[in-house]
Amino acid sequence: KRWDETKDLSNRERIGGSRKTTTEQDEIIIGVVRQHVDEGLTSQKIQEQVKGDDINVNARTIRRRLNEAGFRYLKLLQKPLLTEHHQKKRLAWSKSLLNYNWNRMMTTDETVFRLHDVKRLFWQTS
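Written out as C-alpha coordinates, the structure is:
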(Lines of atoms letter the chains of each structure in order from A and count residues from 1; the text may use other names and numbers.)
(Lines give C-alpha, C1' and ligand atoms only; values in the text may rest on other atoms or scores of the structure.)
Protein backbone atom coordinates (compact mmCIF):
# COMPACT_ATOMS: atom_id res chain seq x y z
CA LYS A 1 0.00 0.00 0.00
CA ARG A 2 2.77 2.45 0.95
CA TRP A 3 4.70 1.57 -2.18
CA ASP A 4 1.64 2.36 -4.28
CA GLU A 5 1.26 5.76 -2.59
CA THR A 6 4.86 6.94 -2.21
CA LYS A 7 7.06 4.49 -4.16
CA ASP A 8 9.27 4.37 -1.07
CA LEU A 9 9.75 1.59 1.51
CA SER A 10 12.40 3.22 3.71
CA ASN A 11 11.69 3.61 7.41
CA ARG A 12 9.61 6.62 8.26
CA GLU A 13 10.56 9.05 10.98
CA ARG A 14 9.14 7.86 14.27
CA ILE A 15 6.69 9.97 16.17
CA GLY A 16 7.08 10.04 19.92
CA GLY A 17 7.59 12.26 22.90
CA SER A 18 10.62 14.50 23.05
CA ARG A 19 13.58 13.40 25.13
CA LYS A 20 13.29 14.69 28.71
CA THR A 21 17.01 14.84 29.49
CA THR A 22 20.06 16.31 27.82
CA THR A 23 23.34 14.45 27.42
CA GLU A 24 24.80 16.49 30.30
CA GLN A 25 21.92 15.47 32.55
CA ASP A 26 22.36 11.84 31.47
CA GLU A 27 26.02 12.04 32.51
CA ILE A 28 25.02 13.44 35.92
CA ILE A 29 22.59 10.55 36.46
CA ILE A 30 25.25 8.00 35.47
CA GLY A 31 27.80 9.77 37.68
CA VAL A 32 25.53 9.43 40.72
CA VAL A 33 25.27 5.68 40.15
CA ARG A 34 29.04 5.32 39.72
CA GLN A 35 29.72 7.31 42.91
CA HIS A 36 27.32 5.19 44.97
CA VAL A 37 27.78 1.83 43.24
CA ASP A 38 28.05 -0.11 46.54
CA GLU A 39 24.94 1.41 48.11
CA GLY A 40 22.29 -0.30 46.01
CA LEU A 41 20.50 2.91 45.00
CA THR A 42 17.01 2.54 43.59
CA SER A 43 15.83 4.74 40.75
CA GLN A 44 13.68 6.67 43.25
CA LYS A 45 16.73 7.45 45.41
CA ILE A 46 18.69 8.50 42.33
CA GLN A 47 15.75 10.73 41.39
CA GLU A 48 15.90 12.43 44.80
CA GLN A 49 19.65 12.99 44.51
CA VAL A 50 19.57 14.53 41.04
CA LYS A 51 16.71 16.91 41.90
CA GLY A 52 19.39 19.12 43.48
CA ASP A 53 20.99 19.39 40.03
CA ASP A 54 17.70 20.66 38.54
CA ILE A 55 16.95 17.32 36.88
CA ASN A 56 13.25 16.81 37.45
CA VAL A 57 12.41 13.53 35.72
CA ASN A 58 10.46 10.41 36.58
CA ALA A 59 12.20 7.38 38.10
CA ARG A 60 11.25 5.42 34.96
CA THR A 61 13.21 7.91 32.84
CA ILE A 62 16.23 7.37 35.08
CA ARG A 63 15.95 3.60 34.58
CA ARG A 64 15.79 4.14 30.81
CA ARG A 65 18.91 6.34 30.83
CA LEU A 66 20.83 3.81 32.91
CA ASN A 67 19.77 0.96 30.63
CA GLU A 68 20.89 3.00 27.60
CA ALA A 69 24.29 3.46 29.28
CA GLY A 70 24.69 -0.31 29.70
CA PHE A 71 23.64 -0.62 33.34
CA ARG A 72 21.44 -3.44 34.58
CA TYR A 73 19.69 -3.70 37.95
CA LEU A 74 20.92 -7.08 39.19
CA LYS A 75 21.71 -9.03 42.31
CA LEU A 76 25.23 -8.28 43.44
CA LEU A 77 27.78 -10.43 41.67
CA GLN A 78 29.36 -13.06 43.87
CA LYS A 79 32.99 -12.55 44.81
CA PRO A 80 35.33 -15.31 43.66
CA LEU A 81 36.50 -17.78 46.28
CA LEU A 82 40.13 -17.86 47.39
CA THR A 83 42.38 -19.45 44.81
CA GLU A 84 45.01 -22.02 45.73
CA HIS A 85 47.65 -19.29 45.42
CA HIS A 86 45.75 -17.08 47.87
CA GLN A 87 45.36 -19.98 50.31
CA LYS A 88 49.12 -20.70 50.25
CA LYS A 89 49.98 -17.04 50.82
CA ARG A 90 47.51 -16.85 53.70
CA LEU A 91 48.97 -19.99 55.30
CA ALA A 92 52.53 -18.64 54.92
CA TRP A 93 51.49 -15.34 56.55
CA SER A 94 49.88 -17.22 59.45
CA LYS A 95 52.97 -19.39 59.96
CA SER A 96 55.21 -16.30 59.93
CA LEU A 97 53.23 -14.89 62.87
CA LEU A 98 53.17 -18.13 64.86
CA ASN A 99 55.63 -16.88 67.52
CA TYR A 100 54.29 -13.30 67.57
CA ASN A 101 53.55 -11.77 71.00
CA TRP A 102 49.75 -11.77 70.74
CA ASN A 103 49.34 -10.26 74.24
CA ARG A 104 49.91 -6.85 72.67
CA MET A 105 47.18 -7.37 70.07
CA MET A 106 43.47 -6.75 70.58
CA THR A 107 41.20 -8.67 68.22
CA THR A 108 37.48 -8.68 67.62
CA ASP A 109 35.28 -11.06 65.70
CA GLU A 110 32.07 -9.98 64.02
CA THR A 111 29.93 -12.08 61.73
CA VAL A 112 26.56 -11.29 60.18
CA PHE A 113 24.00 -14.09 60.18
CA ARG A 114 20.99 -13.64 57.94
CA LEU A 115 17.79 -15.46 58.80
CA HIS A 116 16.26 -14.72 55.40
CA ASP A 117 17.75 -14.30 51.97
CA VAL A 118 18.20 -10.59 51.35
CA LYS A 119 17.90 -9.92 47.65
CA ARG A 120 19.69 -6.61 47.32
CA LEU A 121 19.85 -5.26 43.81
CA PHE A 122 22.56 -2.97 42.47
CA TRP A 123 23.08 -1.05 39.25
CA GLN A 124 25.92 -2.83 37.44
CA THR A 125 27.52 -2.44 34.05
CA SER A 126 27.58 -5.45 31.79
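Residue numbers (the UniProt record's numbering): 1 to 126. Cβ atoms here follow ideal geometry from the backbone N, Cα and C, with glycine treated the same way. Model, not experiment: these values are computed from the prediction.
Take the alpha-carbon of V33 and the one of L97: they are about 41 Å apart. Residue pairing of L97 in beta bridges, as defined by DSSP: absent, with no partner found. Inter-residue distance for T108 and W93 is about 19 Å (C-alpha atoms, whole angstroms). Per the DSSP secondary-structure output, W123 pairs in a beta bridge with Y73. A residue is called buried once 16 or more other Cβ atoms fall within 10 Å of its Cβ, and I29 is buried on that count.
One Cα belongs to L81, the other to L41, and the distance between them is close to 26 Å.
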